[in-house]
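Here's the structure we're looking at; comments come further down.
Numbering (this note's numbering), first residue to last: 146 to 462.
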């Protein structure tokens, strides 16, 4: 994303530390693959959509906007071919660089995440990679998704976070049957994109991010409780999750900012704290945890001590 540095980072260091290889393709690579997808193959995939999801009437065969669903299916088939041919585990896109694509990929990304691929929006390769890693840790039946703080509820009642993104939230975080809909998107300047709409099922979990601190990488984790929205959300026609961060919204937000947390995260109801700790040790990466026991005074000291330790320990690795 232009003018947003947090979505980028040191790709060479990432490859040295995590084994990531970040490759860039022009959007016309995808445009060309979409053009190669036959109408027959795309229509066959739309029939599968109708078997798996609740498809809105206007998108069904014979509906006024069925072509939008067909084009969304072509994007999915094209992306799968690129990912499989390149042996890639994750991808990222950018609404500011869509070339001749008619839609921002939405439904396609959601289904790819459900199959275990990592994704991060706006060129955020770090979150894409982190999601792919955490997908590999997710137990069968569990949910792990790309996420972003969309807005905050400060009251009345318990303060909460409403998480969403333009389109790309993974359906594994809901037990309900997603609905495929088409709605306008105010950015990107393209046709209305198709997407799954659902609300995350209540569960305990955490939101996690990977940030480049300049001299090292840091993983930040915040324990959360996913809850039902207190009101319907008719004007938010995208997939979403509502959660109560621990120890509280005010304290977790301050701790998150003190630690340098990013606006893109991975939300999981399946990957345990113990698993994250094991991964951080294996990857020799700093892990900062925000939970029910977090005290901001102690947290500031912990960050200072941790920074000093990692700067001293790095030359010895």
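A virtual CB, placed ideally from N, CA and C, is assigned to each residue, including glycine.
Check: residue i C-beta below 6 Å from any heavy atom of the ligand FMN
i	result
residue 418	The ligand content of the structure shown is nil, which means the ligand FMN is not present either.
Beta-bridge pairing of residue i - partner residues as DSSP gives them
i	result
residue 297	306
residue 412	290 and 352
residue 388	306 and 371
residue 432	364
residue 325	200 and 341
residue 357	362
residue 283	Residue 283 pairs with nothing; no bridge assigned.
residue 235	263
Rounded separation between residue i and residue j - CA only
i	j	result
residue 401	residue 369	13 Å
residue 267	residue 453	32 Å
residue 414	residue 290	9 Å
residue 386	residue 307	6 Å
residue 287	residue 421	15 Å
residue 194	residue 423	38 Å
residue 170	residue 332	22 Å
residue 180	residue 190	16 Å
residue 346	residue 457	43 Å
residue 293	residue 184	34 Å
residue 282	residue 417	9 Å
residue 299	residue 396	13 Å
residue 439	residue 405	16 Å
residue 448	residue 202	53 Å
residue 429	residue 229	30 Å
residue 427	residue 208	52 Å
residue 348	residue 240	31 Å
residue 257	residue 147	25 Å
residue 318	residue 161	32 Å
residue 425	residue 398	22 Å
residue 186	residue 172	22 Å
Beta-carbon proximity list for residue i, same chain, < 8 Å, skipping 5 on both sides
i	result
residue 174	227
residue 248	213, 216, 217, 220, 335, 336, 337, 338 and 339
residue 445	403
residue 451	431 and 433
Pair within 7 Å by beta-carbon distance, residue i and residue j
i	j	result
residue 408	residue 269	no
residue 351	residue 431	no
residue 411	residue 276	yes
residue 366	residue 343	no
residue 271	residue 355	yes
residue 200	residue 325	yes
residue 274	residue 315	no
residue 382	residue 437	no
residue 285	residue 295	no
residue 176	residue 242	no
residue 222	residue 182	yes
residue 154	residue 357	yes
residue 251	residue 312	yes
Chain-order list of residues whose beta-carbon lies under 7 Å from that of residue i (same chain, five-residue window excluded)
i	result
residue 337	213, 327, 328, 329 and 330
residue 303	389
residue 211	204 and 205
residue 234	262, 263 and 277
residue 156	167
residue 178	223, 226 and 227
Same chain, Cβ closer than 6 Å to residue i, neighbours up to 5 away in sequence not counted
i	result
residue 442	none
residue 224	253
residue 323	198, 316, 341 and 343
residue 305	298, 387 and 389
Closer than 7 Å to chain B by CB, residue i
i	result
residue 445	As a matter of chain content, chain B is missing from the structure shown, which is built from one protein chain.
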